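>
Numbering (our numbering), first residue to last: 4 to 94.
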């Protein structure tokens, strides 16, 4: 799930997943971090889910995927758009 907060010239995007599905560490990987795993790892939050928030430029499109333990790549169905095998995020 994606949560967005619009700011003056940027958008804060929070990537949210259930606490244990999939199990193990999960990071969001995309063109905004050079497709580097582990740079933005989702952390537990008080509502029992895990999340990471990134500040991205507004009015841009970004491709991303999640990477879980065991080299398991998956998309965010709530993104609403795809870019080939990747999820697409519009800020």
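A virtual CB, placed ideally from N, CA and C, is assigned to each residue, including glycine. Here the structure is a predicted model, which means the values were calculated and not measured.
Taking only the alpha-carbon atoms, compute the straight-line gap between residue 85 and residue 49 and give it to the nearest angstrom.
For the purposes of this step, residue 85 is identified with residue 82 of the chain shown, where counting begins at 1. For the purposes of this step, residue 49 is identified with residue 46 of the chain shown, where counting begins at 1. If you take the alpha carbons of residue 85 and residue 49, they lie about 30 Å apart.
> What do you reckon, are the CB atoms on residue 23 and residue 65 nearer than 8 Å?
Position 20 of the chain shown holds residue 23. Position 62 of the chain shown holds residue 65. Their beta carbons are not under 8 Å apart, which means residue 23 does not touch residue 65 by this criterion.
> Which residues mark the beginning and the end of the beta strand (DSSP E) in which residue 42 is found?
Residue 42 sits at position 39 when you count from the first residue of the chain shown. Note, residue 42: premise wrong, no beta strand (DSSP E); not H, not E.
> Would you report the Cα separation of residue 58 and residue 26, rounded to the nearest angstrom?
The count along the chain shown starts at 1 and reaches residue 58 at position 55. The count along the chain shown starts at 1 and reaches residue 26 at position 23. If you take the alpha carbons of residue 58 and residue 26, they lie about 26 Å apart.
> Would the beta-carbon of residue 77 fall within 8 Å of that of residue 91?
By one-based count along the chain shown, residue 77 stands at place 74. By one-based count along the chain shown, residue 91 stands at place 88. Contact flag unset, no.
> Once the 5 residues before and after residue 53 are set aside, which same chain residues still bring their CB inside 8 Å of it?
Residue 53 sits at position 50 when you count from the first residue of the chain shown. So the qualifying residues of the chain are 19, 20, 21, 22, 29, 45, 46, 47.
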